[in-house]
Amino acid sequence: MRKIISFNDQWKFSKKNEEKAMTKAYNDENWEVVNVPHTWNAIDGANGFDFYKAACWYRKEFTIDTLAQGNKVFIEFQGSNSITDVYVNGNHLGQHRGGYSTFRFDISDAIEFGTKNTLAVKVDNTVVDDVYPQMADFTFYGGIYRDVKLVITNHVHFDLLDYGSQGVYIVQEDISNEKAKLTVKSRLVNDNDEDKKVRLWTDLLDADGKQVAYAAKEVVLASGETKELEIPVVIENPTLWNGKKNAYLYEAKVSMVSFNDTVDEISIPFGVRYFEVDAEKGFFLNGEHLALNGVSRHQDRKDMGWAITKNEHDEDMELIKEVGASSIRLAHYQHDQYFYDLCDKVGMVVWAEIPFISVMSKTELEGINAKQQMIELIKQNFNHPSIIFWGIQNEIQISGERPELRKLVNELNELTKKEDLTRLTTMANVMFVKDEDEYNYVTDTIGYNKYYGWYNGKAEDFAGWIDGFHKTNPNVKLGISEYGAEGILQYHTNDPKVKDYTEEYHTLYHETVWKIFEARPFLWSTYVWNMFDFGANIRDEGGVKGRNNKGLITYDRKIKKDAFFMYKAHWSDEKFVHITSKRFVDRTDNEIKVKVYSNCTEMKIYVNGSEVSTQNSNDRIFIFENIALNDGLNQIKVIANHEGEIFEDAATFNKVKEPNESYIAPEESGGPVANWFEMPDLDDVVVEELEITDDVYSTRCTFGQLMENKEAKAVLTKLMPGFEEHPMFEMAQGFVVEDMAELAPEKFTEKMLYSLNKELTKIKKS
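Take a look at the structure:
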């Protein structure tokens, strides 16, 4: 029978590339002692661009009891970023390329039973040209940051080397309210020196452990053979996995029996469900419409990076449940199996994806690693009922217009369909992809990362774009895969504006955008970017380095921003009241506006102990105007009575004579491109009309195209001094200059674009 042993404790670690560390006799007595999950970027990964990227080493001594002799032994890594080489007693077992999936190596022939063995692991988070991601707006934390296990099995076992999967796939062939027709596909391995006859049993149990179906099949496995076996099973009158309403899970016990011995057995929780997306009506689960009110999640945590434990996963899920979300986009890579399990149990509909993001390799054009990670994602997560959408790319168009990129996106979609016909494919287009672009027709559904009201335009622009896209593409199933704005709790204002970083604008933005989305049920999903602030090493804005601050909750999960409660008021049935702008304590105004979020319908406000006003609203937002403040501290309380139960919240505001200057963001704020290059003196430039033709260079070209031409590069260097040294430069290679201008109009002013075009249009394309 299978035995699983935790390998998390008592590793030796060196933050150096110790060339001889793979040898058994290597002296590691001065190395640091660590436990995994572990990362060497727990602190520097979210504090600026220069986080540590290099090869580091882990070593561990272990002994396997002689009683296990004659079995197969595998080492399992559930996440190690990003290129991992594994050695046992000096023998190189193999290399895994990619930082997010489970991988295993067979170490049976490299170990000695009953005596000490040495496991040495080199992990390198340096970016290389044939492993994804290449570049992205999040930190690539290095290390063995998820669990490590030893798996001991019989020589006859379910395939542990099938892309890190369980070796068993529960295929949902035809699901209805009356019947669930399933096929259990198992990959059986015989590593014996002789043929082996086994019986494969499949027992399906309900949530109470009662058997609801079973089937068996005998098979002879030749020596050294791996064989795939299919067993059809039917559940009559199934209880469907129905999202948060009823996340019902069955259990499949799949075992191989030889005579009276169970040689291998695995237990798989699973749920049965059917679903569809309609271009006019949105998402349906088991025949009923379900609004996918979604949040996106990154897996890192302040001062922990990616090296988080089950406790952090549990806390994240409880917060997502509290806000009332029904769906999660697990961005931008494969997440921990434990979190997918949580999604199954609580009924979250999941978009799972690979890190084919932002930049395609310049040299490896077949997408070998992207395809490998796609297969790993699907095979390792095939049995999770919560996963309904496979994401094949995120904003990969930043790479620029390349025929090999379009080819690879199509191939990833085809590969995904080949590996799993039971789910839907999707992808997240960058904001500047045109409505008529072929990218919109590749996958079953489509998402757009749009940031009207932050990077360009105003929040209200969402309405016109969504309606226009839907009119142009009435059969395209459109969702919003990302939307958001920075919200830094230090900054406050009575007059919120785009890019002021205040909590007030962050809140107003989400109010505005949510009303637009709520009125358009044909959107199959919407995903707030992001549920939590997260590490993003390329960022330096709003006075905060190395952080994306768009979360509804802070990076340490300690503070829920006001926008969290706006969504909770709309999405959750849990009654509450919440006064906004509590952190905007010091006020110079004689009278203020007090805004309250609540899913109750009647609200009373008290100021310094006296009742002032009562409001009724079904809009989830209560606004009390002209609330007078006395000099000094003022106590504000709001109370709602819902069916006899009292809900209340309180805030303190301090009336002062002078405004609190710390509430204003520093002037250099303005996004990741705000401090990209020094602005030249263009005061004397007079903008005139220019004719731009296709045979010359211009701001209609990508930065990459301009950099390839010596004369065009010289123009950029003259007008944008220092731009090559900025961390944004690599990601910007695929951007058309005019598209970048929409993101940073304060840099790419009308005079700047004119000055660039005046020089560039003099250069003929070769």
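When the letters of the sequence shown are read in order and numbered with my numbering, they come out as residues 16 to 781. Backbone N, C-alpha and C define an ideal beta-carbon position, used for all residues, glycine too.
Checking 8 Å against the spacing of the C-beta atoms, do residue i and residue j come in under that value?
i, j, result
"glutamine 412", "glycine 113", "no"
"leucine 504", "tryptophan 539", "no"
"serine 201", "glycine 182", "yes"
"tyrosine 678", "phenylalanine 599", "yes"
"glutamate 526", "methionine 581", "yes"
"threonine 54", "tryptophan 321", "yes"
"alanine 135", "tryptophan 72", "yes"
"histidine 541", "glycine 309", "As written in the sequence, residue 541 is threonine, which differs from the histidine given in the question. Cβ distance < 8 Å, so threonine 541 and glycine 309 count as in contact."
"asparagine 56", "phenylalanine 66", "yes"
"asparagine 464", "serine 496", "yes"
"valine 543", "serine 770", "no"
"arginine 635", "asparagine 614", "yes"
"asparagine 32", "alanine 69", "yes"
"asparagine 669", "leucine 648", "yes"
"tryptophan 366", "phenylalanine 404", "yes"
"tyrosine 520", "phenylalanine 549", "no"
"tyrosine 115", "glycine 129", "no"
"proline 370", "tyrosine 348", "yes"
"lysine 211", "serine 273", "yes"
"methionine 546", "isoleucine 707", "no"
"methionine 618", "phenylalanine 637", "yes"
"aspartate 139", "threonine 378", "no"
"glycine 502", "lysine 565", "yes"
"threonine 241", "valine 204", "yes"
Mind reading off the beta-carbon distance from residue i to residue j? Whole number of angstroms is fine, and I expect it under 8 Å.
i, j, result
"leucine 255", "asparagine 301", "5 Å"
"threonine 458", "isoleucine 407", "7 Å"
"glutamine 149", "valine 374", "4 Å"
"histidine 328", "phenylalanine 153", "Actually they do not touch by this definition, with Cβ atoms about 18 Å apart."
"tyrosine 263", "alanine 222", "6 Å"
"aspartate 177", "lysine 514", "Not quite, the Cβ-Cβ distance comes to about 49 Å (not below 8 Å), so this is no contact."
"valine 702", "lysine 766", "6 Å"
Roughly how many angstroms lie between the CA atoms of residue i and residue j, to the nearest whole one?
i, j, result
"aspartate 555", "methionine 271", "56 Å"
"lysine 576", "glycine 558", "18 Å"
"aspartate 710", "phenylalanine 579", "50 Å"
"aspartate 293", "methionine 332", "28 Å"
"tyrosine 353", "aspartate 279", "22 Å"
"methionine 694", "cysteine 716", "21 Å"
"tryptophan 529", "glutamate 626", "32 Å"
"histidine 485", "isoleucine 574", "37 Å"
"glutamate 426", "lysine 777", "40 Å"
"tyrosine 62", "threonine 714", "The amino acid at residue 62 is misidentified as tyrosine; the sequence shows asparagine. Rounded to whole angstroms, asparagine 62 to threonine 714 spans 33 Å at the Cα level."
"serine 587", "glycine 479", "28 Å"
"tyrosine 41", "glutamine 25", "17 Å"
"phenylalanine 738", "lysine 762", "12 Å"
"methionine 442", "asparagine 409", "6 Å"
"aspartate 754", "proline 760", "10 Å"
"leucine 236", "threonine 277", "16 Å"
"lysine 137", "valine 234", "40 Å"
Leaving out the 5 sequence neighbours to the left and right, which residues in its chain are closer than 7 Å to residue i when beta-carbon positions are compared?
i, result
"glutamate 295", "Phe537"
"glycine 719", "Gly415, Gln748 and Gly749"
"glutamate 146", "Note on residue identity: the sequence assigns valine, not glutamate, to residue 146. Excluding residues within five positions, the ones whose Cβ falls inside 7 Å are Ser97, Ile98, Arg112, Gly113 and Asn384."
"glycine 105", "Met37, Thr38 and Lys39"
"alanine 125", "Val103, Asn104, Asn106 and Leu108"
"valine 609", "Ile594, Ile620, Phe639, Ile642 and Ile651"
"glutamate 251", "Lys194"
"glutamate 188", "Lys196, Leu197 and Thr198"
"leucine 439", "Val292, Ile403, Phe404, Asp459 and Thr460"
"isoleucine 185", "Leu197, Val199, Ala267, Ile283, Phe285 and Asn398"
Quick one: what's got a C-beta closer than 6 Å to residue i's C-beta in the same chain, skipping five residues either side?
i, result
"phenylalanine 120", "Ile90, Val101, Leu108 and Gly109"
"threonine 78", "Lys131"
"valine 730", "Glu774 and Leu775"
"glutamate 291", "Phe299"
"glutamate 245", "Thr198 and Lys200"
"alanine 665", "Lys652"
"aspartate 601", "Asn669, Val671 and Asn675"
"aspartate 450", "Phe484 and Thr487"
With a threshold of 8 Å between beta carbons, is residue i in contact with chain D?
i, result
"glutamate 391", "Of the protein chains in this structure there is only one, and it is not chain D."
Here's a check: name, in chain order, each residue in its chain whose Cβ is nearer than 8 Å to the Cβ of residue i, leaving out the five neighbours to either side.
i, result
"tyrosine 229", "Trp216, Thr217, Asp218, Leu219 and Val248"
- Message: Using a Cβ distance threshold of 8 Å, determine whether the region 77-90 contacts the region 153-169, with at least three qualifying pairs required.
- Response: At 8 Å Cβ cutoff, the stretches touch.
- Task: Examine the Cβ distances between the region 265-280 and the region 147-164 and report whether three or more of them are shorter than 8 Å.
- Result: Segments in contact, no.
- Message: I'd like to know if the region 596-616 and the region 640-651 are in contact, where contact means that at least 3 CB-CB pairs between them fall below 8 Å.
- Response: Judged by pairs of C-beta atoms under 8 Å, the region 596-616 touches the region 640-651, as three or more such pairs exist.
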